[in-house]
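Asks:
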Amino acid sequence: MNIHKNARLTPVGRALMIARIEQQGWSVARAAEASGVSRRTASKWLQRHRRGGERRLHDRSSAPRRCPRRTSAGVVGQIEALRRQRMTGPAIARALGLARSTVGLILRRLGLGRLSALDPKAPIVRYERAAPGEMIHLDIKKLGKFNVEGHRVTGDRRKGRSRKAGWDFLHVCVDDASRLAYTEVLPSEGQHDATAFLQRAITWLAAHGVAVQRVMTDNGSAYRSQLFAQALQAAGAKHVRTRPYTPRTNGKAERFIQTSLREWAYGRPYACSDDRAKAIKPWTDSYNLARPHSGIKGLTPWQRVNNLLGNDT
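Note that our numbering has the sequence shown beginning at 21, numbered continuously upward.
1. Can you give, in chain order, each stretch of the alpha helix (DSSP H) that sits fully within the segment 262-315 and has at least 4 residues?
2. Suppose you measure from the CA of aspartate 295 to the CA of proline 152; what does that come to, to the nearest Å?
3. Would you mind working out which of Gly72, Thr237, Cys292 sits nearest threonine 266, comparing C-alpha positions?
4. Indicate whether valine 123 and isoleucine 99 have their beta-carbon atoms separated by less than 8 Å.
5. Where does aspartate 159 fall in DSSP's three states?
6. Histidine 69 and isoleucine 38 look like a contact to me (Cβ under 8 Å); what is the Cβ gap, rounded to whole Å?
7. Measuring from the CB of arginine 86, is there a heavy atom of the ligand SAM at a distance below 7 Å?
8. Between histidine 157 and aspartate 196, is the Cβ-Cβ spacing less than 8 Å?
9. State the DSSP-derived secondary structure class of methionine 37, mapped to helix, strand or coil.
10. With burial defined as no fewer than 16 other Cβ atoms inside 10 Å of the residue's Cβ, what is the status of asparagine 239: buried or exposed?
11. Please determine, among Glu283, Lys298, Thr215, the residue with the shortest C-alpha to C-alpha distance to histidine 369.
12. Is the segment 262-282 touching the segment 223-237 in the sense that three or more CB pairs, one from each, lie closer than 8 Å?
13. Quick check on lysine 64: does DSSP put it in helix, strand or coil?
14. Name the residue from Arg28, Ala226, Arg106 whose alpha carbon lies nearest to the alpha carbon of glutamate 53.
15. Between the Cα of tyrosine 307 and those of Arg76, Arg128, Arg199, spot the shortest distance and give me the residue it belongs to.
16. Given that a residue counts as buried once 16 or more other Cβ atoms are within 10 Å of its Cβ, and exposed if not, what is lysine 161?
17. For the segment 77-131, list the alpha helix (DSSP H) runs that are entirely contained and at least 4 residues long, ordered along the chain.
18. Using the three-state DSSP reduction, which class does aspartate 238 fall into: helix, strand or coil?
19. Just mark valine 32 as buried or exposed, buried being the case when its beta carbon has 16 or more other beta carbons within 10 Å.
20. DSSP three-state call for alanine 255: helix, strand or coil?
21. Put threonine 320 into one of helix, strand or coil per three-state DSSP.
22. If I'm right that serine 293 touches phenylalanine 166 with Cβ under 8 Å, what's the distance once you round it to whole angstroms?
23. Considering just the uninterrupted stretch of the beta strand (DSSP E) at phenylalanine 166, what are its terminal residues?
24. What does a CB cutoff of less than 8 Å around glycine 133 pick up in its chain, not counting 5 residues either side in sequence?
25. Any contact of the segment 203-214 with the segment 295-304, i.e. 3+ C-beta pairs under 8 Å?
26. So the beta strand (DSSP E) tryptophan 187 belongs to, where does it begin and stop?
27. Hey, could you find the ends of the beta strand (DSSP E) leucine 206 is sitting in?
28. On a Cα-Cα basis, can you pick out the residue from Ala291, Ser92, Ala137 that is closest to arginine 104?
29. Can you list, in chain order, the residues of its chain with a C-beta nearer than 6 Å to that of valine 325? Leave out the 5 residues immediately preceding and following it.
30. For cysteine 193, which residues in the same chain have their Cβ closer than 6 Å to its Cβ, ignoring the five residues on either side in sequence?
31. Since valine 32 sits in a beta bridge, which residues does DSSP pair it with?
32. Can you give me the start and stop residues for the alpha helix (DSSP H) that glutamine 219 sits inside?
Here it is as structure tokens:
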């Protein structure tokens, strides 16, 4: 049984109630009242504690101790063998003379409820471009705006609600080879903002000696627009799109967004979303200059790009 860690009687709460009775001399009625439970419940946990056992203060399983009519292991093995021959659940039930519900339950228990579970998983293909600029990854993350301190600051979800405050959009650009990142918080995810961000990102990378050859994005409408295509053509960069429903293809940008959310957006409380937006540039600078990347031998992205470009500084 799954219980909330702050429920009225968790194992920790039960231990406290037992300690009050056994060590502090409280009566069962008084300890029960203090814990917000009945005297009968307190007595039950007291008896379980005195009987001992490693999990004496944990909930017991609701599963029956004995199940005389449980399907035998041999029949379960037959069901699995037929399933691996790609037979459907109803066909297996007819072949073995079992109820369809029984076969379906056993297949789900075996993790074979769907025929797709029989297909081998595609191998994970990891790649990394050899030089900065060979490919950059672009992505957008939608963040709710707020104009008053929320529950992360006040600790009360009933206070600090920013109704109809709108949205912020975090645009990110990550270089495939070095993980060098460029970020902006913009008011929309439309084609004009996405295209302007691309142009500024390419200019910023060029100022640091990185010439962009390919740009990888998902299939969002902004990235499929004519305006975005024209900007790519003007920059002399090839557009690479991910396959639909495969965000892992653009995993470097996805991973960077998760890191930025954990360390920047939710890393500390902000009074309003404008303060959060102002903090993205210092955080990105710290990411590029001071934060070592575990996947590239502990170097910062800035050190990595300099090494790959052959710069001394």
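Think of the CB as a built atom: it goes at the ideal place given N, C-alpha and C, for glycine as much as any other residue.
Replies: With the structure as the only source:
1. 271-280, 293-298, 300-309
2. 32 Å
3. Thr237
4. yes
5. strand
6. 5 Å
7. Of the ligands one can find in the structure shown there are none, so the ligand SAM has no counterpart to examine.
8. yes
9. It is helical.
10. The residue is exposed, with fewer than 16 neighbouring Cβ atoms inside 10 Å.
11. No statement about residue 369 is possible, as the shown extent of the chain runs from 21 to 333 and does not include it.
12. The count of Cβ pairs closer than 8 Å, one atom from the segment 223-237 and one from the segment 262-282, reaches three, so the stretches are in contact.
13. helix
14. The residue with the shortest Cα to Cα distance from glutamate 53 is Arg28.
15. Arg199
16. buried
17. 93-103, 109-116, 120-129
18. coil
19. exposed
20. helix
21. The DSSP-derived three-state label of threonine 320 is coil.
22. 5 Å
23. Going by DSSP, phenylalanine 166 is part of no beta strand (DSSP E) at all; its letter is neither H nor E.
24. Gly124, Leu127
25. yes
26. 187-195
27. Counting along the chain, leucine 206 sits inside the beta strand (DSSP E) bounded by residues 201-206.
28. Cα-wise, what sits closest to arginine 104 is Ala137.
29. Pro152, Ser198, Leu200
30. Ile156, Leu158, Tyr202, Ala221
31. Paired residues: none, contrary to the question.
32. 211-227
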